[in-house]
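Heads up: the sequence lines are chains A and B, in that order.
Take the first sequence: its letters are residues 1 to 250, numbered as in the UniProt record's numbering.
Take the second sequence: its letters are residues 1 to 164, numbered as in the UniProt record's numbering.
Note that the Cβ used here is the ideal one computed from N, Cα and C, for glycine as well.
These figures come from a predicted structure and were not determined experimentally.
Reviewing the structure listed below.
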Amino acid sequence: MDPGTQRGQVGAAAAVVAGLGLVAGRRLWEAGRPVRTLASAVLGRSVTLASVLAGPDAVAALAARGREGGAELQRQARGLLRLLVGEVLAAFLETTDLTALVRRHVDLDAVAAGLDLDAAVARVDLDAAVARVDLDAAVARVDLDAIARRLDVDAVVAGVDLDAIADRLDVDAVAARIDLDAVIARIDLVGLAREVIDAIDLPEIVRHSTGSLTSDTIRGVRIEARQADDAVAGFVDRLLHRPRQAPAGP
Amino acid sequence: MNSPPDPRPAGIVTRVVAAAVDLVVVLVMSGGVFLAAAAARFAWSPLTFRWPSPPWALVLAVGAVIAGAYLTIAWATTGRTYGAAVLGLRVLTARHLKLGWARAALRATLCLLFPPGLLWAAITRRRRSLQDALLLSEVVYDWSDDAGLAASAPEPPGRAGRWT
Numbered sequence: 001m002d003p004g005t006q007r008g009q010v011g012a013a014a015a016v017v018a019g020l021g022l023v024a025g026r027r028l029w030e031a032g033r034p035v036r037t038l039a040s041a042v043l044g045r046s047v048t049l050a051s052v053l054a055g056p057d058a059v060a061a062l063a064a065r066g067r068e069g070g071a072e073l074q075r076q077a078r079g080l081l082r083l084l085v086g087e088v089l090a091a092f093l094e095t096t097d098l099t100a101l102v103r104r105h106v107d108l109d110a111v112a113a114g115l116d117l118d119a120a121v122a123r124v125d126l127d128a129a130v131a132r133v134d135l136d137a138a139v140a141r142v143d144l145d146a147i148a149r150r151l152d153v154d155a156v157v158a159g160v161d162l163d164a165i166a167d168r169l170d171v172d173a174v175a176a177r178i179d180l181d182a183v184i185a186r187i188d189l190v191g192l193a194r195e196v197i198d199a200i201d202l203p204e205i206v207r208h209s210t211g212s213l214t215s216d217t218i219r220g221v222r223i224e225a226r227q228a229d230d231a232v233a234g235f236v237d238r239l240l241h242r243p244r245q246a247p248a249g250p
Numbered sequence: 001m002n003s004p005p006d007p008r009p010a011g012i013v014t015r016v017v018a019a020a021v022d023l024v025v026v027l028v029m030s031g032g033v034f035l036a037a038a039a040a041r042f043a044w045s046p047l048t049f050r051w052p053s054p055p056w057a058l059v060l061a062v063g064a065v066i067a068g069a070y071l072t073i074a075w076a077t078t079g080r081t082y083g084a085a086v087l088g089l090r091v092l093t094a095r096h097l098k099l100g101w102a103r104a105a106l107r108a109t110l111c112l113l114f115p116p117g118l119l120w121a122a123i124t125r126r127r128r129s130l131q132d133a134l135l136l137s138e139v140v141y142d143w144s145d146d147a148g149l150a151a152s153a154p155e156p157p158g159r160a161g162r163w164t
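Next up, the structure:
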């Protein structure tokens, strides 16, 4: 038999027992009516007789005693009831999953909709809460390396508008703060110059340029002299009335 | 020197400039001889050293010897003095051969004895000085040491290599 069916049968049996109890109680109550009437009458007469026999003071004392006793009984009953309620509640909480019960029967969305969170937050002293937080300890527990590994730096850089940053950058101010003397002092200018001279083979360049210059100069002198030769020859030819000779060479 | 010279005779201006360069060379060589003589004199007697003051006749004689030797050796070996090399000239025979030692020495002597004979080259159509006319020599353009100009200069037909 499955648990659902078993629970249904138990519920039906309990309902039958409760119905029997109610019917039996009603019968007993109706059957005791003459007894209750007789007891009320006897009690009324007894009080009247006692006040006549013992006097009003004694009756008042008894009444006070009775009230005190009633109050004591009421107090003890209340304590007993509190004890019983505590025991019942403890047994109930031990046997019942309150969280599941609330989830099944309480509309949490409706409850949350009714909450005034702004008012609740306004009542919270955030400064005091932050002051109680040990930020150093919290930061010490953070694994920054793991966070950095998960970070897509390329995507972050791609999203940065470097042109706009460069436009806002005051390069002159940055350059003014640079200690160029200290930078130059750390540079081995002599060694650097020696490396550059070794790399470009300056002596070979000087030799080549000097040779080229000399060659060009000599070539120019030769051409000029040769043109002067032709000019003189032409002049002499005209002077001696000879036919002009062809220019000699380049 | 593998390229043949330009067979065209050189004009008076080029030859005068070359002669001027050679004159400077001779003066430098003469100065060197003078300094060598002074150094020898100093080494011989440092305490009584005085700069030599030779007579003009001796100076001219030494200068003539130096110039004659310089011109003879240059024309007999390469056919060109330093001045001729700078100006791109070469002294050859009428058949474009090197001068021999005798003809080179004789030409040097004649040039030293009568330098104005060079001016005759400005008058004759073949641009020959009096010395060239007497010794059948010729001074021609030779730019074969300058690759760019030698390539542009016309070569003598059928005479390549004869002067070497």
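Would Leu-118(B) and Ser-129(B) qualify as a contact pair, given that the criterion is a beta-carbon distance under 8 Å?
Along the second sequence, read from residue 1 onward, the residue named residue 118(B) stands at position 118. Along the second sequence, read from residue 1 onward, the residue named residue 129(B) stands at position 129. In this structure, Ser-129(B) lies closer than 8 Å to Leu-118(B) by Cβ.
Going by DSSP, what residue range makes up the beta strand (DSSP E) through residue 261(A)?
Here chain A covers residues 1 to 250 and nothing more, so residue 261(A) does not appear.
Rank Asp-145(B), Trp-143(B) and Glu-138(B) by C-alpha distance to the C-alpha of Pro-9(B) and give the top, closest one.
The residue labelled residue 9(B) in the question sits at position 9 within the second sequence. It is Glu-138(B).
If contacts are defined as beta-carbon pairs under 8 Å, then Asp-142(B) and Gly-88(B) qualify, I think. What distance do you get, rounded to the angstrom?
Residue 142(B) sits at position 142 when you count from the first residue of the second sequence. Residue 88(B) sits at position 88 when you count from the first residue of the second sequence. Yes, they are in contact, since the Cβ atoms of Asp-142(B) and Gly-88(B) sit about 6 Å apart, within 8 Å.
Given a threshold of 16 other Cβ atoms within 10 Å of its Cβ, counted over all protein chains shown, does Pro-55(B) qualify as buried or as exposed?
Here residue 55(B) is taken as the residue at index 55 of the second sequence, counted from 1. Pro-55(B) should be labelled exposed.
Where do the ends of the alpha helix (DSSP H) carrying Val-59(B) lie?
As a first step, residue 59(B) must be located in the second sequence, where it is residue number 59. Val-59(B) -> alpha helix (DSSP H) spans 56-77.
Please confirm whether Arg-238(A) has its beta-carbon closer than 8 Å to some beta-carbon of chain B.
The count along the first sequence starts at 1 and reaches residue 238(A) at position 238. Residue contact with chain B for Arg-238(A): absent (no Cβ-Cβ distance below 8 Å to any residue of chain B).
Report all residues from its chain with a CB closer than 8 Å to the CB of Val-26(B); omit the five preceding and five following residues, and keep chain order.
Within the second sequence, residue 26(B) is the residue found at index 26, counting from 1. So the list reads Gly-63, Ile-66, Ala-67 and Tyr-70, once near-sequence residues are dropped.
Any beta carbon from chain B within less than 8 Å of Arg-244(A)'s own beta carbon?
Position 244 of the first sequence holds residue 244(A). No, its Cβ sits nowhere closer than 8 Å to a Cβ of chain B.
What would DSSP say about residue 252(A), mapped onto helix, strand or coil?
Given that chain A is displayed from residue 1 to residue 250, the structure contains no residue 252(A) and the question cannot be resolved.
With three or more beta-carbon pairs closer than 8 Å as the criterion, would you say the region 15-26 of chain B touches the region 75-89 of chain B?
In short, these stretches touch, since the Cβ pair count reaches three.
Measuring only between beta-carbons, confirm whether Tyr-82(B) sits less than 8 Å from chain A.
Here the question's residue 82(B) lines up with position 82 in the second sequence. No - not a single Cβ of chain A is within 8 Å of the one on Tyr-82(B).
Can the beta-carbon of Asp-22(B) be found less than 8 Å from the beta-carbon of Thr-72(B)?
The sequence position of residue 22(B) within the second sequence is 22, counting from 1. The sequence position of residue 72(B) within the second sequence is 72, counting from 1. Taking C-beta atoms as the reference points, Asp-22(B) and Thr-72(B) fail to come closer than 8 Å.
Interface partners of Trp-120(B) on chain A, CB under 7 Å
Within the second sequence, residue 120(B) is the residue found at index 120, counting from 1. Chain A residues near Trp-120(B): none, gap ~11 Å exceeds 7 Å.
Kindly provide the ranges of any alpha helix (DSSP H) runs that are 4 or more residues long and lie completely inside the region 82-150 of chain B, ordered along the chain.
Complete alpha helix (DSSP H) runs here, min 4: 82-87, 101-113 and 130-135.
For Leu-87(B) and chain A, any beta-carbon pair shorter than 8 Å?
What you label residue 87(B) is simply residue 87 of the second sequence in a count that begins at 1. Chain A, which has a Cβ nearer than 8 Å to the Cβ of Leu-87(B), makes this yes.
Output, in chain order, the set of chain B residues within a Cβ distance shorter than 7 Å of Ile-218(A).
Here residue 218(A) refers to the residue found at position 218 of the first sequence. Simply Val-86.
Provide the residue(s) that pair with Pro-7(B) in DSSP beta bridges, ordered along the chain.
Along the second sequence, read from residue 1 onward, the residue named residue 7(B) stands at position 7. Paired residue(s): none; Pro-7(B) is not in a bridge.
Taking Trp-75(B) as the reference, give the member of Leu-106(B), Val-28(B), Phe-42(B) and Leu-134(B) with the closest Cα.
The residue you call residue 75(B) lines up with position 75 of the second sequence. Measuring from the Cα of Trp-75(B), the nearest candidate turns out to be Leu-106(B).
Ordered along the chain, which non-local residues of its own chain (more than five positions away) have a Cβ less than 6 Å from that of Val-111(A)?
Start at 1 with the first residue of the first sequence, and residue 111(A) comes out as number 111. Same-chain partners within the cutoff: there are none.
In this structure, how does DSSP classify Thr-214(A) when only helix, strand and coil are distinguished?
As a working note, residue 214(A) is residue 214 in the first sequence. Here Thr-214(A) sits in helix by DSSP.
Of all the CB atoms in chain B, is at least one closer than 8 Å to the CB of Asp-188(A)?
By one-based count along the first sequence, residue 188(A) stands at place 188. Judged by the 8 Å Cβ criterion, Asp-188(A) is not in contact with chain B.
Check for me: the alpha helix (DSSP H) holding Phe-49(B) runs from which residue to which?
Residue numbering aside, residue 49(B) sits at position 49 when the second sequence is read from its first letter. Phe-49(B) -> no alpha helix (DSSP H), and no H or E assigned at all.
Beta-carbon proximity list for Ala-108(B), same chain, < 6 Å, skipping 5 on both sides:
On the second sequence, position 108 is the one that residue 108(B) refers to. Cβ within range, chain order: Gly-68, Leu-71 and Thr-72.
State yes or no: is the beta carbon of Ala-160(B) nearer than 8 Å to at least one beta carbon in chain A?
Position 160 of the second sequence, counted from the start, is the residue given in the question as residue 160(B). With a pLDDT of only 38 at Ala-160(B), under the threshold of 50, the placement of this residue in the model should not be trusted, and no figure is reported.
Should Asp-229(A) be labelled buried (16 or more other beta-carbon atoms within 10 Å of its own) or exposed?
Taking the first sequence and counting its residues from 1, the one referred to as residue 229(A) is at position 229. So Asp-229(A) ends up on the buried side.
How many angstroms separate the CA atom of residue 178(B) from the CA atom of Arg-41(B)?
Residue 178(B) is absent from the model: chain B starts at 1 and stops at 164.
Measure the Cβ-Cβ separation of Pro-52(B) and Ala-36(B) and say whether it is below 8 Å.
Taking the second sequence and counting its residues from 1, one reaches residue 52(B) at position 52. Taking the second sequence and counting its residues from 1, one reaches residue 36(B) at position 36. In this structure, Ala-36(B) does not lie closer than 8 Å to Pro-52(B) by Cβ.
Would Asp-201(A) count as contacting chain B if we go by Cβ distances under 8 Å?
As a position in the first sequence, residue 201(A) is number 201, starting the count at 1. At a cut-off of 8 Å, the C-beta of Asp-201(A) has no neighbouring C-beta in chain B.
Give a yes or no on whether 8 Å exceeds the smallest Cβ distance from Asp-181(A) to chain B.
In the first sequence, the residue the question calls residue 181(A) occupies position 181. Cβ-Cβ to chain B under 8 Å: no for Asp-181(A).
Range of the contiguous alpha helix (DSSP H) that encloses Ile-178(A):
Taking the first sequence and counting its residues from 1, one reaches residue 178(A) at position 178. Under the DSSP assignment, Ile-178(A) falls outside any alpha helix (DSSP H); it carries neither an H nor an E label.
Tell me, to the nearest whole angstrom, how far the beta carbon of Leu-134(B) is from that of Leu-110(B); I am working on the premise that it is less than 8 Å.
Position 134 of the second sequence, counting from 1, holds the residue named residue 134(B). Position 110 of the second sequence, counting from 1, holds the residue named residue 110(B). About 7 Å; that satisfies the 8 Å criterion.
Checking contacts by CB at 8 Å: is Ala-173(A) closer than that to chain B?
Here residue 173(A) refers to the residue found at position 173 when the first sequence is read from its first residue. The C-beta of Ala-173(A) comes no closer than 8 Å to any C-beta of chain B.
Any chain A beta carbon closer than 8 Å to Gly-11(B):
Taking the first residue of the second sequence as position 1, residue 11(B) is located at position 11. Taking Cβ atoms only, chain A reaches closer than 8 Å to Gly-11(B), which makes this a yes.
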